Amino acid sequence: MSALFSLVDRIALVTGGCGGIGRGLARGLAEAGADIVIADIDLTGADELCAEIETMGRRCLAVKTDITQIEDVERLVSTTTATLGGLHVLVNNAGTNIRKRLDEVTPDDWDRVLDLNLKGYFFLTRHAGQTMAENGGGKVINMASLMATSVFRNPHGQTYAPYSASKGGVISLTRALAVEWAAKNIQVNSICPTFIETPLTQRLKDDPVVFDAIIGRTPMGRFGRVDDLVGPCVFLASRASDLVTGTTLYVDGGWSVS
Ligand SMILES: NC(=O)c1ccc[n+]([C@@H]2O[C@H](COP(=O)([O-])OP(=O)(O)OC[C@H]3O[C@@H](n4cnc5c(N)ncnc54)[C@H](O)[C@@H]3O)[C@@H](O)[C@H]2O)c1
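Shown next, in the form of structure tokens:
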């Protein structure tokens, strides 16, 4: 059974690898046996995390990358293959949200969210997919969100509309690439987490009105923890999910079905 989920001899790249979720996923993938690439705009954080992962006996490469920049994305993939010898798993995880009232959202806000959460995913995946296809296949895991398919009306009147649009796009992109690359043995899937305890959601957790609204909508009655995402990610990165493609895996304490 352990061989089914083993990532020994796999090379896994995590974008936004220094953030709350990315850090946990990188550690989890390394625990399952993978060598790791941390791609983030925060090189200091990426270097520190790499040092920690190397103490686990894995190789780890930190690459300063702005995934909204095409040149950075191309350099990331070529540096990965030149340094570690391949690329088998891509976790598109870097993302952002802007919480404002609907009438306050500016064109720049829209571009910032969509550029990072959707455009960056597309160009990095297309580039990484070429490398995977040349080497017999691979796995792409896209971090979407519960907000892709559920609407949460923030009690303060703030909107998640640009974020929801970007994450809905991630699910559609996942489905399109899954079909496009099925014959190349590249499986592409999304994970939709509920609210997870990270720096991105700390302000929501600290606000009793918002916190109660979220907990009230969640059958299991709690925020998610980063550890809740590790098992689903390792499953989608491993041989255990070889016939699973184009799906959306909800990790949401039952919110999406309640
Ligand atoms: N935290 C949640 O509750 C939650 C819920 C659902 C989905 N998600 C999604 O999970 C992913 C990770 O969220 P998180 O909570 O860990 O966020 P986070 O803010 O803690 O981390 C984001 C990371 O992305 C990096 N980053 C920002 N811009 C970048 C860029 N242009 N290029 C490369 N890296 C960049 C940041 O430096 C940071 O390390 C996001 O896609 C988010 O939308 C989060």
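Following the numbering used here, the numbering of the sequence shown begins with 40 at its first residue and continues without gaps. Backbone N, C-alpha and C fix where the C-beta goes; we use that ideal spot for every residue, glycine too. Here the structure is a predicted model, which is why all the values come from computation and not from measurement.
### Message
Going by C-alpha to C-alpha distance, which of G177, R242, V269, R98 sits closest to T284?
### Response
G177
### Task
Pull up the DSSP beta-bridge partners for T107, would you.
Paired residue(s): none; T107 is not in a bridge.
### Task
Under the assumption that I109 contacts G168 (Cβ atoms under 8 angstroms), give the Cβ distance between them as a whole number of angstroms.
In fact, because the Cβ distance is near 15 angstroms, the residues do not count as touching under 8 angstroms.
### Message
Going by DSSP, what residue range makes up the alpha helix (DSSP H) through M171?
### Response
159-173
### Reference V190, options S280, W294, V130, N181, closest by Cα
W294
### Message
Please report the straight-line C-alpha distance between D229 and T286, rounded to a whole angstrom.
### Response
Just to set this straight, residue 229 is Ser in the shown sequence, not Asp. Cα to Cα, S229 sits roughly 6 angstroms from T286.
### Task
Go ahead and pull the three-state DSSP assignment for V209.
helix
### Task
Would you kindly work out how many angstroms separate the C-alpha atoms of N174 and G125, rounded to a whole number?
8 angstroms
### Endpoints, the beta strand (DSSP E) within which G263 is located
Where G263 is concerned, there is no enclosing beta strand (DSSP E), given that its DSSP letter is neither H nor E.
### Task
Could you spell out where the beta strand (DSSP E) holding C57 opens and where it closes?
Per DSSP, C57 belongs to no beta strand (DSSP E) and is neither H nor E.
### Delimiting residues of the alpha helix (DSSP H) encompassing P247
Residue range 247-256 is occupied by the alpha helix (DSSP H) that includes P247.
### Task
Say yes only if the C-beta of D148 is nearer than 7 angstroms to one or more non-hydrogen atoms of ligand 1, and no if none qualify.
D148 Cβ: outside cutoff for every heavy atom of ligand 1.
### Task
Quick one: using the 10 Å Cβ neighbour count with 16 as the cut-off for buried, is P194 buried or exposed?
exposed
### Per-residue burial, R264 [other beta carbons within 10 Å of its own, 16 or more giving buried]
By the neighbour-count rule (16 or more Cβ atoms within 10 Å), R264 is not buried but exposed.
### Task
Grab the span of the alpha helix (DSSP H) containing T287 for me, first residue to last.
Note, T287: premise wrong, no alpha helix (DSSP H); beta strand (DSSP E) at 287-290.
### Query
Beta carbon of P86: closer than 7 angstroms to some heavy atom of ligand 1?
Strictly speaking, residue 86 in this sequence is Asp, with Pro absent from that position. Outside the cutoff, so no.
### Query
Are the Cβ atoms of I77 and G56 separated by less than 8 angstroms?
yes
### R49, buried or exposed, once every other Cβ within 10 Å from all chains shown has been counted against 16
buried
### Query
According to the neighbour-count rule (16 or more other Cβ atoms, all chains shown, within 10 Å of its Cβ), is D74 buried or exposed?
buried
#### Entry: Closer than 7 angstroms: T286 CB and nearest ligand 1 heavy atom
Annotation for T286 indicates a beta carbon at 7 angstroms or more from all heavy atoms of ligand 1.
### Task
Could you have a look at I92 and say whether DSSP puts it in helix, strand or coil?
helix
### Message
Taking contact to mean 3 or more Cβ pairs, one atom from each stretch, closer than 8 angstroms, check whether the segment 139-152 and the segment 194-208 are in contact.
### Response
yes
### Cβ pair count under 8 angstroms reaching 3, the segment 94-105 against the segment 238-256
no
### Cβ-based burial, G58 [other Cβ within 10 Å; buried from 16]
Counting Cβ neighbours within 10 Å, G58 comes out buried, since at least 16 surround it.
### Task
Determine the extent of the alpha helix (DSSP H) in which S41 is found, giving its start and end residues.
41-44
### Query
To the nearest whole angstrom, what separates the beta carbons of T170 and T213, a pair I think is in contact under 8 angstroms?
That pair is no contact at about 19 angstroms.
### Query
Tell me which same chain residues have a C-beta within less than 8 angstroms of the C-beta of I235, skipping the five on either side of it?
G59, I60, F262, G263, R264, V265, D267, L268
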